[in-house]
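Protein chains in written order, with the working numbering: chain A, 116 to 227; chain B, 8 to 122.
We put the beta carbon where it would ideally sit given N, CA and C, even for glycine.
Below is one structure, written out as structure tokens; the observations come after it.
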Amino acid sequence: SQELEQSPQSLIVQEGKNLTINCTSSKTLYGLYWYKQKYGEGLIFLMMLQKGGEEKSHEKITAKLDEKKQQSSLHITASQPSHAGIYLCGAANDNAGNMLTFGGGTRLMVKP
Amino acid sequence: KAGVTQTPRYLIKTRGQQVTLSCSPISGHRSVSWYQQTPGQGLQFLFEYFSETQRNKGNFPGRFSGRQFSNSRSEMNVSTLELGDSALYLCASSPAAWVANTEAFFGQGTRLTVV
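Structure (structure tokens):
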């Protein structure tokens, strides 16, 4: 079965600093999702990447997909306290269907 | 457009009881998937439905079951509750048959506490 490894597991940054979260898959990536979660709440959809080399941005968050490395990265520029939360990457399964496999998450704290 | 709606938001049940959780997907979405989230195991896939058919099932005991109705709303049921079933249960809604081709949106979840 597919496994997703996220790094780092937790991150504390000073407000205004940039940061990167990585997500590496043990298998070929067919669709890679990034979500943000506040503790105890639902997952907020950030973006989805489908093709190798694809890069998407939303406000100060940019995600890239490296198909060859089976890896995706999420980059936040000029972090703000509102960026704090848990970031989760999820990947589509290769047997079709709507099952997603998730990484363990990265807990981000932004110090004002 | 309304998002994914899960009810109830919070539940407290006693061991041995059963519980039913509900998920209404985004209008027009035909797929609903269910996940269990715990601090120890993270997000784990339970099962997924597309047009009333269960297509995939995760590695959970038979006490966990679900169904999808013709209007795409879905319910999941857990019988003979155990303390370890305490978790945040999340459902995801998607319009297409393969999630690799489309976006998937989650509800706010149902927090189940078993005492």
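**Request:** Compute the Euclidean distance between the alpha carbons of Ala9/B and Ser34/B, then round it to the nearest angstrom.
**Result:** Looking up residue 9/B in the second sequence gives position 2. Looking up residue 34/B in the second sequence gives position 27. Per the coordinates, the alpha-carbon of Ala9/B lies some 7 Å from the alpha-carbon of Ser34/B.
**Message:** Taking CB distances under 8 Å as the criterion, tell me whether Glu110/B reaches chain A.
**Reply:** Locating residue 110/B in the second sequence gives position 103, counting from the first residue. By this cut-off, Glu110/B is an interface position.
**Prompt:** Cβ atoms of Gln44/B and Leu50/B: under 8 Å apart, would you say?
**Reply:** Walking along the second sequence from the start, residue 50/B turns up at place 43. Walking along the second sequence from the start, residue 44/B turns up at place 37. Closer than 8 Å, so yes.
**Prompt:** For chain A, is any of its Cβ atoms less than 8 Å away from the one on Arg118/B?
**Reply:** Here residue 118/B is taken as the residue at index 111 of the second sequence, counted from 1. Yes - at least one Cβ of chain A is within 8 Å of the one on Arg118/B.
**Asked** Taking buried to mean at least 16 other C-beta atoms within 10 Å of its own C-beta, is Gly200/A buried or exposed?
**Response** Residue mapping note: residue 200/A aligns to position 85 of the first sequence, counting from 1. Gly200/A comes out buried.
**Inter-residue spacing [alpha-carbon to alpha-carbon] between Gly47/B and Asn63/B** = The residue labelled residue 47/B in the question sits at position 40 within the second sequence. The residue labelled residue 63/B in the question sits at position 56 within the second sequence. One C-alpha to the other measures close to 23 Å.
**Prompt:** For Ile19/B, is the classification buried or exposed, using 16 other Cβ atoms within 10 angstroms of its Cβ as the cut-off for buried?
**Reply:** Position 12 of the second sequence, counted from the start, is the residue given in the question as residue 19/B. Note on Ile19/B: under 16 other CB atoms within 10 angstroms of its CB, so exposed under the neighbour-count rule.
**Prompt:** Among residues of its own chain, excluding the 5 on either side of Glu111/B, which ones have a beta-carbon nearer than 6 Å to its beta-carbon?
**Reply:** Against the second sequence, residue 111/B aligns to sequence position 104. In the sequence on display, residue 111/B carries Ala and not Glu. Within the same chain, Cβ atoms closer than 6 Å to the Cβ of Ala111/B are found at Ala99, Ser101, the five residues on either side in sequence being excluded.
**Message:** Within a Cβ cutoff of 7 Å, which residues of the same chain sit near Leu88/B, ignoring the five residues on either side of it in sequence?
**Reply:** Position 81 of the second sequence, counting from 1, holds the residue named residue 88/B. Taken in chain order, the residues that qualify are Lys20, Arg22, Gly23, Gln24, Gln25, Val26, Val121.
**Asked** If you measure beta-carbon to beta-carbon, which residues of the stretch 168–190 of chain A are closer than 7 Å to chain B?
**Response** Within the stretch 168–190 of chain A, not one residue has a Cβ closer than 7 Å to any Cβ of chain B.
**Request:** Compute the Euclidean distance between the alpha carbons of Arg16/B and Leu97/B, then round it to the nearest angstrom.
**Result:** For the purposes of this step, residue 16/B is identified with residue 9 of the second sequence, where counting begins at 1. For the purposes of this step, residue 97/B is identified with residue 90 of the second sequence, where counting begins at 1. Going from the Cα of Arg16/B to the Cα of Leu97/B covers about 10 Å.
**Asked** Of all the beta strand (DSSP E) runs that stay within the bounds of the stretch 18–105 of chain B, which reach a length of 3 or more residues?
**Response** Entirely contained in the stretch 18–105 of chain B, the beta strand (DSSP E) runs reaching 3 residues are, in chain order, 26–31, 38–45, 49–57, 60–64, 71–75, 81–85, 94–101.
**Asked** Assuming Ala178/A contacts Ser187/A under a Cβ cut-off of 8 Å, what Cβ separation, rounded to an integer in Å, is found between them?
**Response** If you number the first sequence from 1, residue 178/A lands on position 63. If you number the first sequence from 1, residue 187/A lands on position 72. Indeed, because the Cβ distance is near 6 Å, the residues count as touching under 8 Å.
**Message:** Let me see if you follow: with CB-CB separation under 8 Å, is Gly114/B close to chain A or not?
**Reply:** In the second sequence, residue 114/B corresponds to position 107, counting from 1. Among the residues facing chain A, Gly114/B is included, as its CB has a counterpart in that chain under 8 Å away.
**Prompt:** Per DSSP, what kind of secondary structure is Ala178/A in: helix, strand or coil?
**Reply:** Your numbering for residue 178/A matches position 63 in the first sequence. The DSSP-derived three-state label of Ala178/A is strand.
**Message:** I want to see whether chain A comes within less than 8 Å of Val106/B, judged by CB atoms only; does it?
**Reply:** To locate residue 106/B, count along the second sequence from 1; it is residue 99. Output row for Val106/B: interface = yes.
**Prompt:** Straight-line CA distance for Asn137/A to Arg37/B?
**Reply:** Along the first sequence, one-based indexing puts residue 137/A at 22. Along the second sequence, one-based indexing puts residue 37/B at 30. The alpha-carbon atoms of Asn137/A and Arg37/B are separated by roughly 31 Å.
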